[in-house]
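Per the numbering used here, residue 885 is the first one in the sequence shown, and the count goes up by one each step. The C-beta atom is built at its ideal place from N, Cα and C for all residues, glycine as well. Predicted model, so just to flag it, every value in this text is computed and none were measured.
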Amino acid sequence: MVEPAETFVTGEGSAVCILVIPHHWLGGLSLVVWSDPREIVVLWAAVTNLDDHDAIDTGEVVARWPAGDGDSLEQLVTAIGEELGRRIEWRCTFRGDEGSPQRASAALRIEGKSVGLDVLKRFHLWGGAKRDVIEQTSFDAEEPPRCRLPVSLARLLAKA
885 MVEPAETFVT
895 GEGSAVCILV
905 IPHHWLGGLS
915 LVVWSDPREI
925 VVLWAAVTNL
935 DDHDAIDTGE
945 VVARWPAGDG
955 DSLEQLVTAI
965 GEELGRRIEW
975 RCTFRGDEGS
985 PQRASAALRI
995 EGKSVGLDVL
1005 KRFHLWGGAK
1015 RDVIEQTSFD
1025 AEEPPRCRLP
1035 VSLARLLAKA
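So this is what it looks like as structure tokens:
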């Protein structure tokens, strides 16, 4: 579920433009478009803060092509369209009967391999039973997941 008002642009200097498309309920899991004078890159990242762009820099690339290609816009539209429908395994791990997850992560299949992106990871001193809520979703899903972790848009935009 993508909310257009939550999509934003940031950058690195004047040469790099970064479009961030966060999923409304997946706590920062984002489809990112990176554009600089050399290339255009589409990638998945867990964008939970923008103090630096480390999460974006270490994201999982799904498409890349030279900038200035005559059909760059068409390639971008195709790549984003494909990625919006990509299946995401969303996992929230709870300890005991706590209402907030201790961990939230997404798993995607990219080029035949499973790729994991941690959105939330809290250290927990006590053991105890854990329970996982695992579900399938996508960015173009009509229904929200059961385990919802809204993106902190105000915090992201303050640093964008």
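Kindly indicate which residue of S1022, E973, V999, E1019 has the alpha-carbon position closest to the one of G943.
-> As a position in the sequence shown, residue 943 is number 59, starting the count at 1. Checked all of S1022, E973, V999, E1019; the closest Cα to G943 is V999.
What do you get for I1018, buried or exposed, if any count of 16 or more other CB atoms within 10 angstroms of its CB means buried?
-> In the sequence shown, counting from the first residue as 1, residue 1018 sits at position 134. Per the 10 Å Cβ criterion, exposed.
Thinking C-beta only, is A899 closer than 7 Å to P921?
-> In the sequence shown, counting from the first residue as 1, residue 921 sits at position 37. In the sequence shown, counting from the first residue as 1, residue 899 sits at position 15. Cβ distance < 7 Å, so P921 and A899 count as in contact.
Contact set for R1006: own chain, Cβ-Cβ below 6 Å, skip 5 residues either direction = Position 122 of the sequence shown holds residue 1006. Correct list, in chain order: Q986.
E887 by DSSP, collapsed to three states: which one?
-> The residue given as residue 887 occupies position 3 in the sequence shown. Residue state, collapsed to three classes: coil.
Is it buried or exposed for E967, if we count other Cβ within 10 angstroms and need 16 for buried?
-> Here residue 967 refers to the residue found at position 83 of the sequence shown. Within a 10 Å sphere around the beta-carbon of E967 sit 16 or more other beta-carbons, which makes this residue buried.
Does the Cβ of S984 have 16 or more other Cβ atoms within 10 Å, making it buried, or fewer, making it exposed?
-> Position 100 of the sequence shown, counted from the first residue, corresponds to residue 984. Flag for S984 reads exposed.
In the structure shown, what three-state DSSP assignment does V961 receive?
-> Translated into positions along the sequence shown, residue 961 becomes position 77. Helix, per DSSP.
Close Cβ partners of K1014 (< 7 Å) along its chain, the five nearest in sequence each way excluded | Start at 1 with the first residue of the sequence shown, and residue 1014 comes out as number 130. Answer for K1014: T977, F978, R979, listed in chain order.
Presumed contact (8 Å Cβ cut-off) between P1028 and W909, rounded CB distance = In the sequence shown, residue 1028 corresponds to position 144, counting from 1. In the sequence shown, residue 909 corresponds to position 25, counting from 1. Contact between P1028 and W909 holds, since their C-beta atoms are separated by about 5 Å, short of 8 Å.
Euclidean distance between Cα positions of D938 and E982 = For the purposes of this step, residue 938 is taken as residue 54 along the sequence shown, with counting starting at 1. For the purposes of this step, residue 982 is taken as residue 98 along the sequence shown, with counting starting at 1. Cα-Cα distance, rounded: 30 Å.
Measure the Cβ-Cβ separation of K1022 and R975 and say whether it is below 7 Å.
-> Locating residue 1022 in the sequence shown gives position 138, counting from the first residue. Locating residue 975 in the sequence shown gives position 91, counting from the first residue. With the sequence shown as reference, residue 1022 is identified as Ser, and Lys is not the correct amino acid for it. Contact: no.
For the alpha helix (DSSP H) that contains A939, what are its first and last residues?
-> Within the sequence shown, residue 939 is the residue found at index 55, counting from 1. Looking at the DSSP string, the run of the alpha helix (DSSP H) that includes A939 is 938-941.
Beta-carbon proximity list for L903, same chain, < 6 Å, skipping 5 on both sides | The residue labelled residue 903 in the question sits at position 19 within the sequence shown. Hits under 6 Å: V893, V917.
Whole angstroms is fine: what's the gap from R1032's alpha carbon to D1024's?
-> On the sequence shown, residue 1032 is found 148 positions in, with the first residue counted as 1. On the sequence shown, residue 1024 is found 140 positions in, with the first residue counted as 1. So the two alpha carbons sit approximately 16 Å from each other.
Given a cut-off of 7 Å, decide if L927 and V945 are closer than it, judged by their beta-carbon atoms.
-> Here residue 945 corresponds to residue number 61 of the sequence shown, with the count starting at 1. Here residue 927 corresponds to residue number 43 of the sequence shown, with the count starting at 1. For V945 and L927, yes; Cβs fall inside 7 Å.
Which of helix, strand or coil does DSSP assign to A1038?
-> Along the sequence shown, one-based indexing puts residue 1038 at 154. Of the three classes helix, strand and coil, the one that applies to A1038 here is helix, per DSSP.
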